[in-house]
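Here the structure is laid out as structure tokens; the discussion comes afterwards.
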Amino acid sequence: MLGVSTTARPAPVRARRNVRWIVAGVIAVCLGALGSAYLYVSVAQAHSVVRVNRTIYRGETVTATDLGSVSLGSAVGIETVPVESAADLVGKTALIDLPGGSLIVPGAVGDAVVAPNAARVGLRLAAGRLPVSALPAGTPVLLVPLAKDSQTAPEGASVVAQVATAPTVLVDGSSVLDVSVPAAEAERIARLAAAELVVMVRRAGS
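Start counting the sequence shown at 2; every next residue gets the next number (our numbering).
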């Protein structure tokens, strides 16, 4: 009788798995899913708001070309104006300085505000009759009457005023701007300006 070999076969080796790599993979998948969800929600909640294309100084009138739009995600605590309301801002007055590239907040643009017992007067001054340096809204100035000729005295005293809108230079070199003056002096200043008999001086401290 032939002998039967009883040599045992080696047991199959079980693949060893690194638990740490498995956990890391699960975490990576979860983080990816969360990131995708956050991105989706951010895009879904993004909305277009009004931004300022150029710096608009306080007192200036807002035009359509001054405004643009930018897409903004949901941001807690940030008040903005939706782009659908941009047309409502055109023709209104900047109540504060609006730096170029900034977002417009509610209340920053509205109707021009005239202080009690004051009046707003529009002036057109020839070159040389106002300072050449910048005169942003709020600049304190002095309006000085001029005499018609060497035989007459100026009409009344100088008037303390404040620039309401920054000057705009016209093609002929003259400048137009609005100033706030005491209501009692508004008529006289308007008359002097129409006759080109007024000069603007920048007051100290401005």
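Ideal Cβ positions, reconstructed from N, Cα and C, are used throughout, including at glycine.
In this text, all values refer to a predicted model and were calculated from it rather than measured experimentally.
Per DSSP, the bridge partner or partners of residue i
| i | result |
| --- | --- |
| I57 | L99 |
| L143 | V161, V202 |
| V110 | A95 |
| P183 | A119 |
| L126 | S176 |
| T62 | T94 |
Cβ pair residue i, residue j closer than 8 Å
| i | j | result |
| --- | --- | --- |
| V161 | L147 | no |
| V172 | G102 | no |
| I57 | L99 | yes |
| A187 | A120 | yes |
| P141 | R192 | no |
Proximal residues to residue i (C-beta, below 7 Å), its chain only, five neighbours per side dropped
| i | result |
| --- | --- |
| L126 | S175, S176, M201 |
| A157 | Checking the displayed sequence, the identity of residue 157 turns out to be Gly instead of Ala. Counting only Cβ-Cβ distances below 7 Å, and skipping sequence neighbours, we find P146, R189. |
Helix, strand or coil at residue i according to DSSP, with G and I counted as helix
| i | result |
| --- | --- |
| D67 | helix |
Cβ-Cβ separation, residue j to residue i (assumed contact under 8 Å), whole Å
| i | j | result |
| --- | --- | --- |
| R130 | L96 | The pair is not a contact, with the Cβ atoms about 28 Å apart (cut-off 8 Å). |
| G123 | D179 | 5 Å |
| L136 | A167 | 6 Å |
| P117 | E80 | Not confirmed; about 29 Å, so no contact. |
Cut-off 8 Å between Cβ atoms - residues of its own chain near residue i, not counting five sequence neighbours on either side
| i | result |
| --- | --- |
| G139 | R59, G60, Q163, V164 |
Other residues of its chain near residue i: CB distance less than 6 Å, five sequence neighbours each side excluded
| i | result |
| --- | --- |
| A87 | V51, L68 |
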